[in-house]
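Under my numbering, the sequence shown has 235 at position 235, and the numbering climbs by one with no breaks. C-beta atoms are modelled at their ideal positions from N, C-alpha and C, and glycine is treated no differently. Right, one structure below, let's go through it.
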Amino acid sequence: MQNWLWFLLLTILSLSLFFYNYHKIKSPHVLLFWLFISGLSYLLELIIFVVFDSYSYHPHVFADSFNDSVLGAITSQAFSVPIALTFISSSDYRLRWKAGLVVVFFLIEQFFLYLGVYQHFWWRTWYTAIILTIAIPLGRKWYISLEQARSPRLYFITLFFVIYTILASLVWGLSSILNLLTMHPGWFDETSRDNVFGFSIYLWIAAAFYTCVIFYQYGNIMLMVGTALFLFLMERTMTSTGLLIFHPQWLIYLTPFVHVINMRLMGGIYKKYFPSFAFWHFKNSSV
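Next comes the structure, spelled out in structure tokens:
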């Protein structure tokens with residue numbers, strides 16, 4: 001069986017679980033929470049996988065070994081783990097269900113190691129089990145807080161990670177798959193690893209600006225345009241130093257429009273499905 005088929009199978013099973021859960025709960029919180037957990041998983045991967053080289057995946061889709069490994073990581077950190085945590089957090093399951101989830105992921109990781117489609121360097125499977133054991137009760141508390149609208153800070157943080165997940169996934173596709181833009185901060189000798197690390201840091205900045213505009217001033221088109229132009233100036237500065245490269249170079253002049261469109265689309269969806277999360281709601285209510 002081809003290596004990539006195992007990752008595809010895991011992704012299909014994860015998405016099937018997500019759609020089942022979404023249909024059962026019938027709440028947009030399910031989607032919001034999934035993308036939020038994915039953003040947290042991306043952050044964890046940036047630290048242990050990109051920076052500290054904890055493990056590698058081998059779906060054998062891309063010739064570049066690191067980009068191939070990133071594709072496998074996306075299967076795990078954007079789909080299987082976040083969707084499973086969303087499933088277990090969105091309902092009040094008993095302890096045996098939660099323990100069963102930890103055991104299932106322990107066995108999946110061991111099975112992937114056995115198949116040779118996944119490889120540990122300094123990471124160990126029981127590290128995953130510990131993280132999941134901690135994440136399950138914390139995830140349940142976070143989900144309940146989303147449902148009960150307890151704190152504007154909680155929604156701000158959630159929105160930030162949702163936006164970061166979307167931007168990071170989009171830019172990785174444009175950069176690593178389509179090769180339309182590349183980043184060269186010079187932190188790693190491996191070009192593809194350096195590229196992923198550089199964009200991860202920049203997208204944290206971009207996501208922070210997006211989040212502030214959408215959360216506090218969505219609908220203020222002048223602020224959106226101003227934010228887009230500020231990000232464009234950052235990108236223009238990076239291209240002038242060789243840190244950021246567009247292929248072809250004229251693509252950089254499209255980025256302000258892309259930023260405005262992103263903020264409009266993300267903000268529109270956010271306000272439509274999560275109107276009670278708006279800042280004015282918290283400012284003018286006793287919640």
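Quick one, are the C-beta atoms of residue 159 and residue 237 less than 9 Å apart? As a first step, residue 159 is located in the sequence shown; it is residue number 159 there, counting from the start. As a first step, residue 237 is located in the sequence shown; it is residue number 237 there, counting from the start. Contact flag unset, no.
Taking C-alpha atoms, which residue in 157, 130, 131 lies nearest to residue 143? Residue mapping note: residue 143 aligns to position 143 of the sequence shown, counting from 1. Answer by Cα proximity: 157.
Give the straight-line distance between the Cα atoms of residue 76 and residue 109, rounded to the nearest whole angstrom. Residue 76 sits at position 76 when you count from the first residue of the sequence shown. Residue 109 sits at position 109 when you count from the first residue of the sequence shown. Residue 76 and residue 109 have their C-alpha atoms some 10 Å from each other.
Residue 133 lies in the alpha helix (DSSP H); which residues open and close that run? Residue 133 sits at position 133 when you count from the first residue of the sequence shown. Taken as a continuous stretch (DSSP letters only), the alpha helix (DSSP H) holding residue 133 covers 125-148.
Tell me the rounded alpha-carbon separation between residue 267 and residue 114. As a working mapping, residue 267 is identified with position 267 in the sequence shown. As a working mapping, residue 114 is identified with position 114 in the sequence shown. About 44 Å.
Determine whether the beta carbon atoms of residue 25 and residue 90 lie at a separation below 9 Å. Working through the sequence shown from its first residue, we reach residue 25 at position 25. Working through the sequence shown from its first residue, we reach residue 90 at position 90. The answer is yes: Cβ separation under 9 Å.
Give a yes or no on whether the C-beta atoms belonging to residue 274 and residue 32 are separated by under 9 Å. The residue labelled residue 274 in the question sits at position 274 within the sequence shown. The residue labelled residue 32 in the question sits at position 32 within the sequence shown. Against a cut-off of 9 Å, the Cβ pair of residue 32 and residue 274 comes out as a contact.
CB of residue 230 within 9 Å of CB of residue 209, strictly: In the sequence shown, residue 230 corresponds to position 230, counting from 1. In the sequence shown, residue 209 corresponds to position 209, counting from 1. Yes, these two residues count as a Cβ contact at 9 Å.
Per-residue DSSP class, three states only, for residue 288: The question about residue 288 has no answer, for the chain in this structure spans 1 to 287.
Sorted by chain position, which residues of the same chain lie with C-beta nearer than 7 Å to residue 66's C-beta, five sequence neighbours on each side aside? Locating residue 66 in the sequence shown gives position 66, where the first residue counts as 1. Excluding sequence neighbours, residue 66 sits near 190, 192, 193.
With a threshold of 16 other CB atoms inside 10 Å of the CB of residue 16, please say whether the residue is buried or exposed. Residue 16 sits at position 16 when you count from the first residue of the sequence shown. That one is exposed.
What are the residues that DSSP puts in a beta bridge with residue 246? Indexing the sequence shown from 1 puts residue 246 at position 246. Note: residue 246 is bridge-paired with 181 in the DSSP secondary-structure output.
Simplified DSSP state of residue 23, which is helix, strand or coil: Within the sequence shown, the letter at position 23 stands for residue 23. Of the three classes helix, strand and coil, the one that applies to residue 23 here is helix, per DSSP.
Contained alpha helix (DSSP H) runs [length at least 4] in the region 53-125, N- to C-terminal order: 65-74, 81-89, 95-115
Helix, strand or coil at residue 6 according to DSSP, with G and I counted as helix: Residue mapping note: residue 6 aligns to position 6 of the sequence shown, counting from 1. Three-state DSSP puts residue 6 in a helix.
Please report the distance separating the alpha-carbon of residue 41 from that of residue 14. In the sequence shown, residue 41 corresponds to position 41, counting from 1. In the sequence shown, residue 14 corresponds to position 14, counting from 1. Distance between the alpha carbons of residue 41 and residue 14 is about 15 Å.
Counting along the chain, where does the alpha helix (DSSP H) carrying residue 201 start and finish? Here residue 201 refers to the residue found at position 201 when the sequence shown is read from its first residue. 191-217 is the extent of the alpha helix (DSSP H) around residue 201.
Using a Cβ-Cβ cutoff of less than 8 Å, which residues in the same chain neighbour residue 222 once the five nearest sequence positions on both sides are dropped? As a working mapping, residue 222 is identified with position 222 in the sequence shown. Excluding five sequence positions before and after residue 222, none of the CB atoms of its chain fall closer than 8 Å to its own CB.
Can you grab the Cα-Cα spacing for the pair residue 269 / residue 129, in whole Å? For the purposes of this step, residue 269 is taken as the residue at position 269 of the sequence shown. For the purposes of this step, residue 129 is taken as the residue at position 129 of the sequence shown. In a straight line, the C-alpha of residue 269 is about 35 Å away from that of residue 129.
With burial defined as no fewer than 16 other Cβ atoms inside 10 Å of the residue's Cβ, what is the status of residue 247: buried or exposed? Within the sequence shown, numbered from 1, the residue matching residue 247 stands at position 247. Exposed, because fewer than 16 other Cβ atoms sit within 10 Å of the Cβ of residue 247.
Taking three-plus beta-carbon pairs below 8 Å as touching, is the region 52-64 in contact with the region 80-98? With fewer than three CB-CB distances shorter than 8 Å, the region 52-64 does not count as touching the region 80-98.
Do you know offhand how far residue 123's Cα is from residue 54's? Here residue 123 refers to the residue found at position 123 of the sequence shown. Here residue 54 refers to the residue found at position 54 of the sequence shown. Taking the straight line joining both Cα atoms gives about 5 Å.
Distance, residue 155 Cα to residue 167 Cα: Counting from one through the sequence shown, the residue named residue 167 turns up at place 167. Counting from one through the sequence shown, the residue named residue 155 turns up at place 155. Going from the Cα of residue 167 to the Cα of residue 155 covers about 18 Å.
Residue 68 classed as buried or exposed, judged by whether at least 16 other C-beta atoms fall within 10 angstroms: As a working note, residue 68 is residue 68 in the sequence shown. Looking at its Cβ environment, which holds 16 or more other Cβ atoms inside 10 Å, residue 68 is buried.
Residue 36 and residue 165 - do their beta-carbons sit closer together than 9 Å? The residue given as residue 165 occupies position 165 in the sequence shown. The residue given as residue 36 occupies position 36 in the sequence shown. Contact: yes.
Which residues in the same chain as residue 136 place their Cβ atom closer than 8 Å to its Cβ, once the five residues preceding and following it in sequence are excluded? On the sequence shown, residue 136 is found 136 positions in, with the first residue counted as 1. So the qualifying residues of the chain are 85, 88, 89, 98, 101, 102.
Cβ atoms of residue 202 and residue 244: under 9 Å apart, would you say? If you number the sequence shown from 1, residue 244 lands on position 244. If you number the sequence shown from 1, residue 202 lands on position 202. Yes.
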